[in-house]
Amino acid sequence: MDAPERKIFLHLDEDFSCQYKDIQFPTIQPPYFHSHNGYEILLLLGGELDFFMESGSGKLVRGDLVCVRPHAFHSARPLDPSRYDRIIINIRETAFPSLNSSRTDLSSCFFRMPPAMLNLTHLSGAEIERFTCLARDLQSALSSGEWGSDILSLSLLRLILVMLNQHVAAPSGASPGVMPAFMAELFSYIDAHIQDTLTIEQLAGHVHHNGVYLNRRFKQITGLTLNQYILAKKISRAQSCLQEGLTAGEACEQAGFHDYATFYRAFCREMGVSPKQYQQRLVEEAAASTANVYKNGTI
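What follows is the structure, given as structure tokens:
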């Protein structure tokens, strides 16, 4: 039985955070497919990691860095139980516009790869050292209550983002054997038909696999059943619609829910707030982020 308390949508409560962790500090992220209301940067410093996304997968080693877009479903699976050293930086989506200037969009590094490719790059030894130093200083500034630590935190985050945007990355693509080829086709098909009623039998026929086998392999990779994932995709589509200013009824229709009561219950259960409350929270978070940046005098 799947645990009903499993949280697929993780809400970032702060504008940004930075964590340097090793195997003694288990990741706060679940080992199954999940998404955040913001951007994520993951730099692997030690051990090996299988990283899965709808857009691709890869076997990460020291120096590999992944940039994850907001609301993108992903999961990480350490291969070595004795070592997992990493730096994780999260930036709330509503905070990003205030980090940019009129000339520079610092979110560009998250969109440099086509949607069908894993946004994976590799840092050299010198780049790893520089990134690590900046991240440690950022983590320290965020936890410090000293005078000027807020401005220092913003400056360090911008330095990290400038570094990533200036880094010229060759497309890495997917590592062979990490994810079966039919899974990529399955993700693509579900995304294109999210407004339709999708069944396991229909999906199995599309990728030419037995339904029982397909659901088992899907759960092995994502940690979710196909039905759980399809529902999560519909909720994610509704999130995007609400963020764009559509009404709750329009979001319900665009996400492929054919009954508003079902949509409302599912959204409240997964997000912890109603669709209208979710929209209001986005407005309040964006306003607070802008006010904080202006208050710190960094624009």
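At position 127 of the sequence shown (counting the first as 1) the number is 133 in the numbering used here, and the numbers step up by one without a gap. Using N, Cα and C, we set each Cβ at its ideal position, and we do this for glycine too.
The beta carbons of Leu-167 and Cys-115 sit about 7 Å from each other, so the pair counts as a contact at 8 Å. Distance from the CA atom of Ile-94 to the CA atom of Tyr-195, rounded to whole angstroms, is 31 Å. Between Glu-276 and Phe-117 the beta-carbon gap is near 26 Å, outside 8 Å, which marks them as no contact. The continuous stretches of alpha helix (DSSP H) do not include Arg-12, and DSSP gives it neither H nor E. In the DSSP assignment, the residues bridged to Arg-83 are Asp-56. As DSSP reads the structure, Ile-94 sits in a beta bridge with Gln-25 and Leu-48. The C-alpha of Leu-71 lies about 11 Å from the C-alpha of Gly-64.
Unbroken beta strand (DSSP E) stretches of 3 residues or longer found wholly inside the segment 210-267: none.
The DSSP-derived three-state label of Leu-170 is helix.
With fewer than 16 other Cβ atoms from the protein chains shown falling within 10 Å of its own Cβ, Cys-139 counts as exposed.
One Cα belongs to Phe-79, the other to Ala-132, and the distance between them is close to 31 Å. In this structure, the CA atom of Gly-52 is about 8 Å from the CA atom of Gly-69. Beta-carbon to beta-carbon, Asp-56 and Arg-83 are separated by about 4 Å, close enough to satisfy the 8 Å threshold.
With contacts defined as CB atoms closer than 8 Å, Leu-148 and Cys-24 qualify as a contacting pair. Excluding its 5 nearest sequence neighbours in each direction, Thr-228 has C-beta neighbours in its own chain below 8 Å: Tyr-38, Phe-39, Phe-58, Phe-79, Ser-81 and Tyr-235, listed in chain order. In the assembly as shown, Gln-245 is a buried residue. Its beta-carbon has 16 or more other beta-carbons within 10 Å.
Residues of the same chain with a CB within less than 7 Å of the CB of Tyr-26, apart from the 5 flanking positions on each side, are Ile-93, Ala-141, Arg-142 and Gln-145 in chain order.
In this structure, the alpha-carbon of Pro-120 lies about 19 Å from that of Phe-188. In the DSSP secondary-structure assignment, Ser-41 is bridged to Phe-15.
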